[in-house]
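To start, the structure under review is shown below, and the notes come after it.
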Amino acid sequence: MKIGPLFLGISTGVLAGATAVLLSTPKSGSEVRISLKSTSTDLRDKLSDIKVQMQDLKNSIRNLTKESKEVIPHAIEEIKADVEQWKSETAPLQAKLQEEISAIQSAIEEMEKTLPKKKEATS
Numbered sequence: 002m003k004i005g006p007l008f009l010g011i012s013t014g015v016l017a018g019a020t021a022v023l024l025s026t027p028k029s030g031s032e033v034r035i036s037l038k039s040t041s042t043d044l045r046d047k048l049s050d051i052k053v054q055m056q057d058l059k060n061s062i063r064n065l066t067k068e069s070k071e072v073i074p075h076a077i078e079e080i081k082a083d084v085e086q087w088k089s090e091t092a093p094l095q096a097k098l099q100e101e102i103s104a105i106q107s108a109i110e111e112m113e114k115t116l117p118k119k120k121e122a123t124s
């Protein structure tokens with residue numbers, strides 16, 4: 002979305018609203034001119050502030066984009082390195098757990114062989 006048309010639409014709406022309010026109030030000509038001049042100055046100041054804020058926003062977005070392009074790849078590489086380190090640190094534990102599981106399975110099989118079958122026990 003382009004900011005220019007949005008900014009132009011907001012400005013036009015504010016200006017039209019301010020003009021309608023000023024012209025519909027019961028004031029003398031000099032009071033209306035003074036009020037229009039004051040409102041015009043205020044409006045110019047507000048538009049200037051909005052323009053500065055929009056420029057700050059654009060700069061912030063530009064900086065955020067630049068930083069994210071630098072930081073994200075670095076963070077991904079660090080995460081990959083951490084995962085690889087974790088894998089290498091847990092590999093011996095994983096092997097030991099596999100050995101223990103195998104030993105437990107063997108013990109269960111031996112117990113099943115030595116225990117009488119249920120059918121044989123009831124006969």
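FYI, in the working numbering the residues of the sequence shown are 2 to 124.
A virtual CB, placed ideally from N, CA and C, is assigned to each residue, including glycine.
Nothing here was measured: the structure is a model prediction, and the numbers come from that model.
How far does the alpha helix (DSSP H) with P93 in it extend, from its first residue to its last? In the sequence shown, counting from the first residue as 1, residue 93 sits at position 92. Here the alpha helix (DSSP H) through P93 covers G30 to T115.
Output yes or no for whether 8 Å exceeds the beta carbon distance between T42 and A19. On the sequence shown, residue 42 is found 41 positions in, with the first residue counted as 1. On the sequence shown, residue 19 is found 18 positions in, with the first residue counted as 1. Not closer than 8 Å, so no.
Beta-carbon separation of L44 and L24 under 8 Å? For the purposes of this step, residue 44 is identified with residue 43 of the sequence shown, where counting begins at 1. For the purposes of this step, residue 24 is identified with residue 23 of the sequence shown, where counting begins at 1. No, the pair does not count as a contact, with Cβ atoms beyond the cut-off.
Length of the line joining the Cα atoms of H75 and K38: Here residue 75 refers to the residue found at position 74 of the sequence shown. Here residue 38 refers to the residue found at position 37 of the sequence shown. Taking the straight line from one Cα to the other gives about 56 Å.
Would a C-beta distance cut-off of 8 Å place S12 and L48 closer than the cut-off? Taking the sequence shown and counting its residues from 1, the one referred to as residue 12 is at position 11. Taking the sequence shown and counting its residues from 1, the one referred to as residue 48 is at position 47. Cβ distance < 8 Å, so S12 and L48 count as in contact.
Which value, in whole angstroms, describes the spacing of the CA atoms of L116 and I105? Translated into positions along the sequence shown, residue 116 becomes position 115. Translated into positions along the sequence shown, residue 105 becomes position 104. Going by the C-alpha atoms only, they are around 16 Å apart.
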